[in-house]
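Structure first, then comments.
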Amino acid sequence: QRESRLTMDTTDAPQLIEHIHMSVNFTPFDVKWVPCSAKFLVVGTTPRNKGAFQVVEMTRGEHKVVFDKERNHGIKCCSFGASSLEERQVACGDFSGALNIWDIEQSQDAVFKAQAHSGIVNCMDAIGGMGIGYGAPEIVTGGRDGCGRGW
Numbered sequence: 027q028r029e030s031r032l033t034m035d036t037t038d039a040p041q042l043i044e045h046i047h048m049s050v051n052f053t054p055f056d057v058k059w060v061p062c063s064a065k066f067l068v069v070g071t072t073p074r075n076k077g078a079f080q081v082v083e084m085t086r087g088e089h090k091v092v093f094d095k096e097r098n099h100g101i102k103c104c105s106f107g108a109s110s111l112e113e114r115q116v117a118c119g120d121f122s123g124a125l126n127i128w129d130i131e132q133s134q135d136a137v138f139k140a141q142a143h144s145g146i147v148n149c150m151d152a153i154g155g156m157g158i159g160y161g162a163p164e165i166v167t168g169g170r171d172g173c174g175r176g177w
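Numbering (my numbering), first residue to last: 27 to 177.
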């Protein structure tokens, strides 16, 4: 019997190229591009169970951390989906069950806070605020408590 071997023509396949590689001193749980920019947000948990919140800018294959803030609780997930392009606000779900919205350019205190779940906010998605639809911005969260909630 002859073995059949499959070969793949990689000229027609998607090409993924690593532009940057960076090490962080925390466990990253989510990363999102900042809309209309060459920046991305990395969120996670530090070894001391605090929240890691870093905005990183890419320039010519190099990276530079432009904002680095430790939060009270580890951050599990985030979304820019409910923010307008001008506001640059990000919704984050954390390990205490809180939903926080921060302005990434003036990120001292949360713009909005709510106790979303009784345990970790595992996931979220958001839409609106960008002029692509009608109505108010909306956020949905899924928690360790077994609940899904709309905000």
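Ideal Cβ positions, reconstructed from N, Cα and C, are used throughout, including at glycine.
Source: prediction; values computed, not measured.
Between Asn-126 and Thr-37, what straight-line distance do the alpha-carbon atoms span, to the nearest angstrom? 44 Å
Quick one: residues in its chain with C-beta nearer than 6 Å to the C-beta of Ala-152, no 5 flanking neighbours on either side, listed in chain order? Same-chain partners within the cutoff: Ser-105, Gly-107, Ala-108, Ala-117, Ile-165.
First through last residue of the beta strand (DSSP E) which encompasses Leu-111: Note, Leu-111: premise wrong, no beta strand (DSSP E); not H, not E.
Which residue from Thr-167, Lys-95, His-47, Pro-40 puts its Cα closest to that of Gly-70? Lys-95
Which residue comes first and which comes last in the beta strand (DSSP E) that contains Phe-52? Run containing Phe-52: none; DSSP gives neither H nor E here.
How many Å lie between Thr-53 and Ile-130 at the Cα? 20 Å
May I ask you to list the residues that DSSP assigns as paired with Lys-102? Note: Lys-102 sits in no beta bridge, so no partner.
Can you look up Lys-95 in the DSSP assignment and give me helix, strand or coil? strand
Is Lys-76 helix, strand or coil when you go by DSSP? The answer is coil: DSSP assigns Lys-76 none of H, G, I, E or B.
Find out if the Cβ-Cβ distance for the pair Gly-2, Asp-120 is shorter than 8 Å. The requested residue 2 is not part of the displayed model; the chain covers only 27 to 177.
Beta-carbon contacts of Gly-93 that lie in its chain and below 6 Å, excluding the five residues immediately before and after: The sequence shown places Phe at residue 93, rather than the Gly named in the question. Cβ neighbours of Phe-93 within its own chain (closer than 6 Å, five residues either side excluded): Val-81.
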